[in-house]
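Following: one structure in structure tokens, then a few remarks.
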Ligand SMILES: Nc1ncnc2c1ncn2[C@@H]1O[C@H](COP(=O)(O)OP(=O)(O)O)[C@@H](O)[C@H]1O
Ligand SMILES: Nc1ncnc2c1ncn2[C@@H]1O[C@H](COP(=O)(O)OP(=O)(O)O)[C@@H](O)[C@H]1O
């Protein structure tokens with residue numbers, strides 16, 4: 042049996058200005074997938090965090106000559122999100138997840154994004170090939186009611 | 042001198058459900074280009090009309106396996122919109138622009154879209170290659186104040 | 093969220109008010125068309141379309157006005173368009189609707205206008 | 093339109109209210125951070141952040157609370173977070189902010205709380 046997929050693609054210049062549009066994009070796809078408002082809020086936030094990281098870390102700040110690519114693919118079972126960049130890349134496993142208390146003690150203002158993504162989504166998986174393509178694959182499954 | 046361009050790309054399944062997202066997409070690009078609210082409203086409407094035509098005429102109604110592609114390219118002088126489909130195609134020159142009164146007399150409910158696009162945009166240009174790619178290029182120039 | 097739309101039909105004695113809210117585009121216009129069709133099928137031809145809460149309209153929505161106006165006027169009625177904000181007025185004006193349709197400031201104004209002769213070129 | 097945001101700082105005697113409105117994301121959080129910095133630089137450490145009109149917050153916004161709380165508490169003050177709607181509360185809870193920050197229903201509640209001992213693990 043063939044599954045009907047709906048594919049959405051958004052490419053925007055690397056600028057935090059575009060995070061709002063990225064959120065609208067995800068919300069639209071998620072609504073069509075049939076997620077409820079609370080699930081949509083989670084998807085929106087996870088994708089925002091991922092794209093903010095691309096803009097700030099992969100491309101090192103605003104650089105509108107670079108592109109952030111977001112794909113949303115939905116079928117009966119899940120919404121898959123694929124985010125691509127051609128920036129610096131990093132080793133996700135080397136990122137130490139510090140406790141909130143620790144971060145507070147160190148007066149850190151960051152270090153929360155990846156943790157959020159992991160708890161908001163069902164799957165979070167990086168494939169990093171610096172200089173070529175860095176890809177982040179995230180999945181949120183539809184809970185059948 | 043090199044012009045810095047910002048490029049935005051959106052691909053969505055061919056469904057009128059996605060017109061709202063398409064409008065958000067254009068609005069975002071137009072805001073970054075510096076258009077005022079009234080100009081943004083014009084751009085939004087022109088692109089909505091063009092994409093509604095692709096969904097309804099090029100692809101003959103809702104068909105989420107088909108794709109509507111919208112590109113927005115902005116530089117210091119203008120926002121260019123390129124809309125692509127791989128649908129039926131048509132001969133734009135053969136479309137008779139009937140007067141509103143005539144349409145009313147015939148109790149028509151359509152026939153207004155292309156006329157709107159032409160008066161809302163500075164340039165409207167079709168390149169139709171049925172079976173290959175149909176492209177619509179529209180430009181709105183920034184009026185320097 | 094991205095496309096809030098609703099249409100509400102209220103019978104008020106010898107005329108009917110159709111209230112549009114949100115975005116009237118190719119996706120939602122069929123619901124508007126259905127609402128007008130229902131009213132006309134019931135033999136009501138004094139129709140007021142209240143656009144005060146309409147935030148957007150594309151040609152799909154404009155076409156609904158166009159498709160019914162003759163039939164309604166033939167029956168001695170009219171479709172009064174009221175409450176258009178400057179933003180949504182633009183497409184009506186570009187297409188010349190202002191010379192063929194009766195625009196009113198609000199529902200009260202539209203009701204009053206129904207006691208006056210219908211604007212119509214024959 | 094796609095990203096309405098504003099931050100407003102109001103001095104109210106011995107404490108200060110920072111009002112967030114709209115979307116707090118990586119684009120707008122720097123403005124929020126600047127507002128807190130300004131208040132702290134002025135030596136004010138009894139800070140109430142009113143989130144009643146905040147419609148969204150991402151980690152960039154949460155990081156602002158995180159980055160200032162130690163300094164403010166060291167000075168005998170606190171950052172009270174109030175008016176969180178259920179929708180925006182979610183990220184605060186996921187990250188455990190509820191056990192380290194003082195959440196209040198509204199500004200009045202936050203003012204009252206300033207007369208009570210500060211929640212803090214040493
Ligand atoms: N897409 C990315 N490209 C490069 N580095 C990244 C990327 N995403 C995350 N990182 C690295 O992982 C760290 C932790 O990310 P995160 O948990 O989102 O917190 P924050 O972005 O606030 O630092 C970042 O500081 C950065 O060094
Ligand atoms: N993208 C397109 N692909 C195929 N045919 C089109 C396309 N756009 C317009 N047309 C044709 O041109 C006609 C006029 O279009 P338009 O002025 O937008 O009015 P309407 O869409 O309401 O009919 C359409 O009815 C259709 O036959």
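Protein chains in written order, with the working numbering: chain A, 42 to 186; chain B, 42 to 186; chain C, 93 to 214; chain D, 93 to 214.
Ideal Cβ positions, reconstructed from N, Cα and C, are used throughout, including at glycine.
In the DSSP annotation of this structure, the continuous segment of the alpha helix (DSSP H) that includes residue 88(B) starts and ends at 78-94. By DSSP's assignment, residue 178(A) forms a beta bridge with 123(A) and 166(A). Nearest to residue 177(A) by C-alpha distance, out of 90(A), 107(A), 142(A) and 102(A), is 90(A).
Interface residue (Cβ-Cβ distance to chain B less than 7 Å): residue 144(C) is not classified as such.
For residue 127(D), no CB of chain A lies under 7 Å from its own CB, so it is not counted at the interface with that chain.
Take residue 193(C), set aside five residues on each side of it, and the residues of its chain with a beta-carbon closer than 6 Å to its own are 173, in chain order. Ligand 2 has no heavy atom closer than 6 Å to the beta-carbon of residue 111(B).
For residue 141(C), the Cβ stays outside the 6 Å cut-off from all heavy atoms of ligand 1. Per DSSP, residue 100(D) lies in no alpha helix (DSSP H); the unbroken beta strand (DSSP E) holding it starts and ends at 97-104. Contact with chain A is absent for residue 177(D), since none of that chain's Cβ atoms lies less than 7 Å from the residue's Cβ.
The alpha-carbon of residue 205(C) is positioned some 15 Å away from that of residue 104(C). Contacts with chain D at 7 Å (Cβ-Cβ) do not include residue 170(A). At the C-beta level, residue 202(D) and residue 110(D) stay beyond 7 Å of one another. Residues of chain B with a Cβ closer than 7 Å to the Cβ of residue 98(C) do not exist, since the nearest Cβ in that chain sits about 15 Å away. Secondary structure note for residue 166(D): it is in no beta strand (DSSP E), and the uninterrupted alpha helix (DSSP H) holding it is 151-166.
When only Cα atoms are considered, residue 162(C) and residue 154(B) end up about 21 Å apart. With a contact defined as Cβ atoms closer than 8 Å, residue 67(B) and residue 84(B) qualify at about 5 Å. Residue 98(A) has its Cβ nearer than 6 Å to a heavy atom of ligand 1. The beta-carbon distance between residue 96(D) and residue 115(D), rounded to whole angstroms, is 7 Å. This is short enough to meet the 8 Å contact definition. Residue side-chain check: residue 131(A) places its Cβ nearer than 6 Å to a non-hydrogen atom of ligand 1. Along the region 43-55 of chain A, going in chain order, the ones with a CB nearer than 8 Å to a CB of chain B are 45, 47, 48, 49, 50, 51, 52, 53 and 54. Closest in alpha carbon position to residue 77(B), among 120(B), 151(B), 139(B) and 148(B), is 120(B).
Taking the Cα of residue 122(D) as reference, the smallest distance to any Cα among 99(D), 107(D), 106(D) and 143(D) is reached at 99(D).
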